[in-house]
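Visitor:
Residue numbers (my numbering): 177 to 640.
See the structure below:
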């Protein structure tokens with residue numbers, strides 16, 4: 177007798193409240209790191225292919241707008257990661273109805289957010305380039321690239337929304353698989369659009385948008401097949417106002433936290449743009465390498481956010497402490513390795529982006545990397561503690577830390593650049609990271625002590 181094919185049951189969310197904190201976090205974090213690096217690979221591929229095929233001025237055009245594009249990306253990542261924290265807390269509490277409401281609210285809010293951000297960014301494209309003091313010889317290419325990428329904001333929101341939902345459910349591999357495939361497609365489309373079709377820098381932008389859209393569609397398809405909780409209906413929008421408000425209270429501060437570095441870097445980019453195309457090209461090559469470290473650290477932050485959110489929802493304080501300790505060990509190990517690698521490969525980094533780079537371009541690139549790379553350990557401390565505090569429903573301290581970081585980054589750029597020139601730009605980020613850490617680290621340990629005291633008091637009451 178031939179049996180009929182059994183229907184495959186939808187998978188349940190991965191439980192991060194059990195097992196080894198160190199190895200469980202590492203297994204969860206590695207695909208997140210891979211996903212973030214492949215997401216960065218979109219813009220890196222654009223820069224490499226543009227620089228090698230269209231020349232230094234075209235690379236400078238892409239680089240002069242990359243901080244705007246990166247700012248939007250970081251804001252989107254923070255916004256959707258905040259929603260993921262809300263979903264993760266409900267997942268840790270085993271609240272199925274709450275999980276469905278979280279998914280419904282996140283989807284609706286992301287649609288509204290996409291429409292607003294796309295409209296505002298596209299309408300302000302020309303004024304933004306003016307504020308950034310973009311050199312005239314690269315202005316048109318810079319506008320073409322930035323406008324197309326910002327026009328495709330919906331694809332970025334779509335991918336980050338579904339991938340953060342999957343990570344909140346404990347699945348960090350599915351987003352990686354589709355992102356790898358779409359990254360390879362992005363490289364192929366870059367070459368086709370730029371070389372045979374002659375679309376210039378706009379072709380690189382279209383390749384990025386189309387590839388990311390396909391990645392988002394693939395993640396959604398896989399997520400709906402694997403996780404029943406993602407299959408929402410009209411009833412899941414009941415109480416939408418309360419659910420949306422709770423998500424915005426987490427999402428907006430986290431979006432600001434992840435993008436605040438970029439807000440300060442807008443001032444840094446403007447200062448570099450004023451130095452001319454050679455400075456922009458060298459700074460662009462250096463910051464592309466630097467973004468690798470930033471996104472690796474952001475990925476570890478995303479991983480610990482899902483871990484802490486689930487364990488906070490489950491009331492497991494000691495596992496939170498163990499997970500944060502494990503995250504620090506893993507993050508700082510990666511930061512030391514990246515620092516050594518970047519400093520050893522400084523000249524090769526420039527050659528990767530610019531063919532026949534002048535000594536002036538190389539000097540600008542090396543100067544920035546020498547000033548920033550040794551301080552990646554500060555960035556690791558900042559993102560680990562900030563995300564842990566945020567995931568335990570404390571939004572005030574991370575927001576205050578972001579304001580400290582923003583003020584110190586802009587202040588350092590403005591004041592130190594006047595006194596020390598380009599060196600002021602290079603040292604602004606490490607100073608900002610140090611200032612934020614001075615607030616966040618004491619807050620985290622105070623919160624953990626307070627939770628321990630509360631649990632002891634509760635246990636005493638129960639014994640009585």
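All C-beta atoms in this analysis are idealised placements derived from N, C-alpha and C, irrespective of residue type, glycine included. These numbers were taken from a predicted model, which means no experiment stands behind them.
(1) Give me the Cα-Cα distance between residue 540 and residue 455, rounded to the nearest whole angstrom.
(2) Could you tell me whether the segment 232 to 251 touches the segment 374 to 385, where touching means 3 or more Cβ pairs closer than 8 Å?
(3) Please tell me whether residue 518 and residue 465 are closer than 9 Å, where the distance is taken between their beta carbons.
(4) Would you kindly work out how many angstroms separate the C-alpha atoms of residue 415 and residue 271, rounded to a whole number?
(5) Return the chain-ordered list of same chain residues with a C-beta closer than 7 Å to the C-beta of residue 324, the five sequence neighbours on each side being excluded.
(6) As an exercise, report each continuous beta strand (DSSP E) stretch of at least 3 residues that is fully enclosed by the segment 434 to 482, in chain order.
(7) Per DSSP, what kind of secondary structure is residue 322 in: helix, strand or coil?
(8) DSSP on residue 370, reduced to helix/strand/coil?
(9) Quick check: the Cα distance between residue 643 and residue 545, rounded to an integer number of angstroms?
(10) Check whether the segment 332 to 348 and the segment 247 to 260 touch, using three or more Cβ-Cβ pairs below 8 Å as the test.
(11) Just to confirm the assignment, what range does the alpha helix (DSSP H) spanning residue 311 have?
(12) Which value, in whole angstroms, describes the spacing of the CA atoms of residue 516 and residue 338?
(13) Contact between the segment 419 to 435 and the segment 356 to 372 is defined here as three or more beta-carbon pairs at a separation below 8 Å; is this criterion met?
(14) Do the segment 594 to 601 and the segment 564 to 578 make contact, defined as three or more Cβ pairs closer than 8 Å?
(15) Please go through the same chain and pick out, in chain order, the residues whose beta-carbon is closer than 8 Å to the beta-carbon of residue 420, but skip the five residues on each side of it.
(16) Is it buried or exposed, residue 194, if we count other Cβ atoms within 10 angstroms and call 16 or more buried?
(17) Less than 9 Å between the beta carbons of residue 571 and residue 426, yes or no?
(18) Any idea what DSSP makes of residue 336, helix, strand or coil?
Guide: To lay it out plainly:
(1) So the alpha carbons of these two residues sit roughly 6 Å apart.
(2) Yes: the two stretches touch, three or more of their Cβ pairs being nearer than 8 Å.
(3) yes
(4) 15 Å
(5) 378, 381, 382 and 385
(6) none
(7) helix
(8) helix
(9) Missing from the structure shown is residue 643; the chain here goes from 177 to 640 and no further.
(10) yes
(11) Note, residue 311: premise wrong, no alpha helix (DSSP H); not H, not E.
(12) 34 Å
(13) no
(14) no
(15) 281, 284 and 285
(16) By the neighbour-count definition (other C-beta atoms within 10 Å, threshold 16), residue 194 is an exposed residue.
(17) yes
(18) helix
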